[in-house]
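Q:
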Amino acid sequence: MIPRLHSRLAHGLLACAAVLLVLSLADAALHDLFAQNPFGGPRPAAEPEAGGIIGWLLAKQSEFYRQMSATIRAAKSDGSAVWTLLAISFAYGIFHAAGPGHGKAVIASYLVANRETARRGIALSFASALMQALVAILIVGISAWALNATAKTMCKAEGTIEIASYALIAAFGLRLVWVKGGAFIRALQTAQPVPAIAGVPHNHDRDHHHHDARVHHDRGHDHHHGHGQAHVHQHHGHDHVHDEHCGHSHGPAPSELAGPGGWRRGFAAILTVGIRPCSGAILVLVFALAQGLFWAGIAATLLMGLGTAITVAAIAVVAVSAKDIAQRLSAARDGGGALFMRGIEFAAAGLVLLFGVGLLFGYIAAERTTCF
Amino acid sequence: MGMRALLGWLLAAGLSLAASAASAHPHVWITATSELLYAEDGSITGVRHAWTFDDMFSAYAVQGLESKKKGAYTREELGPLAQTNVESLKEYAYFTFARADGKKERFQEPVDYFLDYKDTVLTLHFTLPLKDPVKPKQLVLEVFDRSFFIDFQMAKDNPVGLVGAPSGCQMKLDRPSDGTATAQKLNEQTFMDGPNANFGMMFANKITVDCP
Numbered sequence: 041m042i043p044r045l046h047s048r049l050a051h052g053l054l055a056c057a058a059v060l061l062v063l064s065l066a067d068a069a070l071h072d073l074f075a076q077n078p079f080g081g082p083r084p085a086a087e088p089e090a091g092g093i094i095g096w097l098l099a100k101q102s103e104f105y106r107q108m109s110a111t112i113r114a115a116k117s118d119g120s121a122v123w124t125l126l127a128i129s130f131a132y133g134i135f136h137a138a139g140p141g142h143g144k145a146v147i148a149s150y151l152v153a154n155r156e157t158a159r160r161g162i163a164l165s166f167a168s169a170l171m172q173a174l175v176a177i178l179i180v181g182i183s184a185w186a187l188n189a190t191a192k193t194m195c196k197a198e199g200t201i202e203i204a205s206y207a208l209i210a211a212f213g214l215r216l217v218w219v220k221g222g223a224f225i226r227a228l229q230t231a232q233p234v235p236a237i238a239g240v241p242h243n244h245d246r247d248h249h250h251h252d253a254r255v256h257h258d259r260g261h262d263h264h265h266g267h268g269q270a271h272v273h274q275h276h277g278h279d280h281v282h283d284e285h286c287g288h289s290h291g292p293a294p295s296e297l298a299g300p301g302g303w304r305r306g307f308a309a310i311l312t313v314g315i316r317p318c319s320g321a322i323l324v325l326v327f328a329l330a331q332g333l334f335w336a337g338i339a340a341t342l343l344m345g346l347g348t349a350i351t352v353a354a355i356a357v358v359a360v361s362a363k364d365i366a367q368r369l370s371a372a373r374d375g376g377g378a379l380f381m382r383g384i385e386f387a388a389a390g391l392v393l394l395f396g397v398g399l400l401f402g403y404i405a406a407e408r409t410t411c412f
Numbered sequence: 006m007g008m009r010a011l012l013g014w015l016l017a018a019g020l021s022l023a024a025s026a027a028s029a030h031p032h033v034w035i036t037a038t039s040e041l042l043y044a045e046d047g048s049i050t051g052v053r054h055a056w057t058f059d060d061m062f063s064a065y066a067v068q069g070l071e072s073k074k075k076g077a078y079t080r081e082e083l084g085p086l087a088q089t090n091v092e093s094l095k096e097y098a099y100f101t102f103a104r105a106d107g108k109k110e111r112f113q114e115p116v117d118y119f120l121d122y123k124d125t126v127l128t129l130h131f132t133l134p135l136k137d138p139v140k141p142k143q144l145v146l147e148v149f150d151r152s153f154f155i156d157f158q159m160a161k162d163n164p165v166g167l168v169g170a171p172s173g174c175q176m177k178l179d180r181p182s183d184g185t186a187t188a189q190k191l192n193e194q195t196f197m198d199g200p201n202a203n204f205g206m207m208f209a210n211k212i213t214v215d216c217p
């Protein structure tokens, strides 16, 4: 009785968490539809949401950002100010958290949808943040520094990249939805519970068998779909992640399930998230350029990226852990557990799509007036 | 896995997501002065703004603009930029919201607009004529960006002027407190309001003019 109760409670909680997740992400996406900047500057990443700690973060962020211009000016005459600038940029990056777009949300959703490990989540976060920084540097480097383009031109270039990035997110989401929708539907079809294992979730041995069975099952699905995961076996055992992932399970860890094709998918995630430059970074770069200290702007941008990466990675780890816990709990349940997990993955895939579409249309609505 | 640990993780996940929604903060700072323009009969005909941008954004805005003298821009050289600015502002209702005795008033397109560049910062000047001049007992004028991309602060000195106002009119300015305090204070309210569409309202500068 008690395990049952726990299990039900857990599912209830997870359902709540899922709803919360959907709501907060959808909210962010919706807000982006309305958030445009009339002066042609880079557009904001997301809408603010006030809270005790969050309000404080918000204020801190602004504080760091505002200190940057003064510090860059100071660096013109005093070289040591550059160190201050780097420190401020790093702190700003950490506080700024999301950076552009909904990088964090997209990465988190992607990780959940694809059963990725925390380690890969961290790698993806750092790679995409680095790419964001590089894109910002390239945009300003080419348009402002090399071509002496106006803000209007830069903004248009940025706008084009933005459209492309939103379209990419949508396409990426669509693909995830297609794949995960298929897996979900098959899970629905095979969701007839296996009675023998039901109801004794605390028995580790059985648990573990059950889990194994389920994972193999999944692998079967992936094979059907041919996502480049046919080479899974080669990667068996090259990974390390047993402890951080499935605890006592000897089933293949998600990193192994991901396989080589998984890295290709990972690259798609990096590109999708990283192609849109950091709004603040562009302003800082142009300002540094105007002060004749472009290199300081570049250094600041890279440090900002590093700070952002740390925050995004932390969130990625939380997302992956939460999902792992859900997975463990649902593995302790009967056949419905697998279905539940496929459902979560499908929902996460749907979120990515929702973001892409929301951002894309938000952008289109604003296109006429955003730039000088 | 204990329930307690699970709850902990769920809480952490929820908080992270809440934090992710809170990523925005202003990228542009504007120091504003606003004047209410009165006709001879005591009715209000419009608002004249002077908005000074922060130096980071100013540098961004003038990037690549041609100027005869390096590092200096004349009003003429900034003319096209000023025009684009006011045209772009239309979509945002010029971030200016007026109510006459509680009734919303609308503005016409801006007139007399220009930019000047002084001490490395840009100032945008423009006048917003009211669609219909009004003569209310109380006029409330708010200046803010509801998305909080732009942080509006009224100038320290002479933030609000009443030009040609009848004698006996009283002006009151409510400034937003700094972001931290405001955000904390309005925290609960914001959550209760659900999608905090009017987040920027907390950062509104509210000018109230009472006339006899």
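If you're matching them up, the sequences are chains A and B in order.
Its first residue numbered 41, the first sequence is counted upward by one per residue in the working numbering.
Its first residue numbered 6, the second sequence is counted upward by one per residue in the working numbering.
From the three backbone atoms N, C-alpha and C, an ideal C-beta is built for every residue, glycine too.
Just the Cα atoms here: how many angstroms apart are D156/B and I128/A?
A: Stepping through the second sequence from its first residue, residue 156/B is reached at position 151. Stepping through the first sequence from its first residue, residue 128/A is reached at position 88. Rounded to whole angstroms, D156/B to I128/A spans 20 Å at the Cα level.
Q: Suppose you measure from the CA of Q88/B to the CA of L216/A; what does that come to, to the nearest Å?
A: Translated into positions along the second sequence, residue 88/B becomes position 83. Translated into positions along the first sequence, residue 216/A becomes position 176. Distance between the alpha carbons of Q88/B and L216/A is about 44 Å.
Q: So, with DSSP's three-state summary, where would you put D121/B?
A: Indexing the second sequence from 1 puts residue 121/B at position 116. If DSSP states are grouped into helix, strand and coil, D121/B belongs with the strands.
Q: Give a yes or no on whether the minimum CB-CB distance between G69/B and chain A is below 7 Å.
A: In the second sequence, the residue the question calls residue 69/B occupies position 64. At least one CB atom of chain A sits nearer than 7 Å to the CB of G69/B.
Q: Listing by chain order, which chain B residues have their CB less than 8 Å from the CB of A184/A?
A: The residue labelled residue 184/A in the question sits at position 144 within the first sequence. Simply Q68, G69.
Q: Once you ignore the five residues that flank P141/B on each side, which residues in its own chain have a CB closer than 7 Å to its CB?
A: Counted from its first residue, the second sequence places residue 141/B at position 136. Closer than 7 Å at Cβ, skipping near neighbours: A105, D106.
Q: Give every residue of the same chain whose Cβ lies closer than 8 Å to the Cβ of V175/A, excluding the five residues on either side of it in the sequence, and list them in chain order.
A: Indexing the first sequence from 1 puts residue 175/A at position 135. Counting only Cβ-Cβ distances below 8 Å, and skipping sequence neighbours, we find I201, G314, I315, R316, P317.
Q: If we ignore side chains and look at the alpha-carbon of each, how far apart do R53/B and T38/B end up?
A: Taking the second sequence and counting its residues from 1, one reaches residue 53/B at position 48. Taking the second sequence and counting its residues from 1, one reaches residue 38/B at position 33. Going by the C-alpha atoms only, they are around 8 Å apart.
Q: Say whether chain B places a C-beta atom closer than 7 Å to the C-beta of A158/A.
A: By 1-based counting over the first sequence, the position of residue 158/A is 118. It does not; no Cβ of chain B falls within 7 Å.
Q: Please go through the same chain and pick out, in chain order, the residues whose beta-carbon is closer than 6 Å to the beta-carbon of K211/B, but skip the five residues on each side of it.
A: Numbered from its first residue, the second sequence carries residue 211/B at position 206. If we look at K211/B and ignore the five residues flanking it on each side, its Cβ neighbours are E147, D179.
Q: Any C-beta of chain A sitting closer than 7 Å to the C-beta of E121/B?
A: Within the second sequence, the letter at position 116 stands for residue 121/B. The displayed chain sequence assigns Asp, not Glu, to residue 121/B. By this cut-off, D121/B is not an interface position.
Q: Tell me whether the segment 386–396 of chain A and the segment 183–199 of chain A touch, counting them as touching only if at least three CB pairs, one residue from each stretch, are closer than 8 Å.
A: no
Q: For chain B, is any of its Cβ atoms less than 7 Å away from the one on T111/A?
A: Position 71 of the first sequence, counting from 1, holds the residue named residue 111/A. Answer no: the Cβ-Cβ gap between T111/A and chain B never drops below 7 Å.
Q: Nearest-angstrom Cα distance between L399/A and E198/A?
A: Here the question's residue 399/A lines up with position 359 in the first sequence. Here the question's residue 198/A lines up with position 158 in the first sequence. In a straight line, the C-alpha of L399/A is about 14 Å away from that of E198/A.
Q: What does S370/A touch in chain B if you count any residue whose Cβ is under 8 Å from its own?
A: If you number the first sequence from 1, residue 370/A lands on position 330. The premise fails here: S370/A is roughly 11 Å from chain B at the closest Cβ pair, so nothing lies under 8 Å.
Q: Return the chain-ordered list of same chain residues with a C-beta closer than 7 Å to the C-beta of F104/A, the five sequence neighbours on each side being excluded.
A: Residue 104/A sits at position 64 when you count from the first residue of the first sequence. I128, A131, Y132, F135, listed in sequence order.
Q: Please report the residue range of the alpha helix (DSSP H) in which W218/A lies.
A: For the purposes of this step, residue 218/A is taken as residue 178 along the first sequence, with counting starting at 1. Element bounds for W218/A: 191–229.
Q: Give the DSSP-derived three-state secondary structure of A236/A in the structure shown.
A: As a first step, residue 236/A is located in the first sequence; it is residue number 196 there, counting from the start. Because A236/A carries a pLDDT of 45, less than 50, the predicted location of this residue cannot be relied on, and no value is offered for it.
Q: Helix, strand or coil: how does DSSP classify K116/A here?
A: In the first sequence, residue 116/A corresponds to position 76, counting from 1. In this structure, K116/A counts as helix in the three-state DSSP scheme.
Q: Classify G84/B as buried or exposed, calling it buried when 16 or more other Cβ atoms lie within 10 Å of its own Cβ.
A: Your numbering for residue 84/B matches position 79 in the second sequence. Per the 10 Å Cβ criterion, exposed.
Q: For S149/A, decide whether its Cβ has a neighbour in chain B, counting only Cβ atoms nearer than 7 Å.
A: Here residue 149/A refers to the residue found at position 109 of the first sequence. No, S149/A lies away from the interface with chain B (no Cβ there is under 7 Å from its Cβ).
Q: From S109/A to W34/B, what does the alpha carbon distance come to, in whole angstroms?
A: In the first sequence, residue 109/A corresponds to position 69, counting from 1. In the second sequence, residue 34/B corresponds to position 29, counting from 1. Each residue's CA atom was taken as its position, placing S109/A and W34/B some 12 Å apart.
Q: Reducing DSSP to helix, strand and coil, say where Q331/A ends up.
A: The sequence position of residue 331/A within the first sequence is 291, counting from 1. Under the three-state reduction of DSSP, Q331/A is assigned to coil, being neither helix nor strand.
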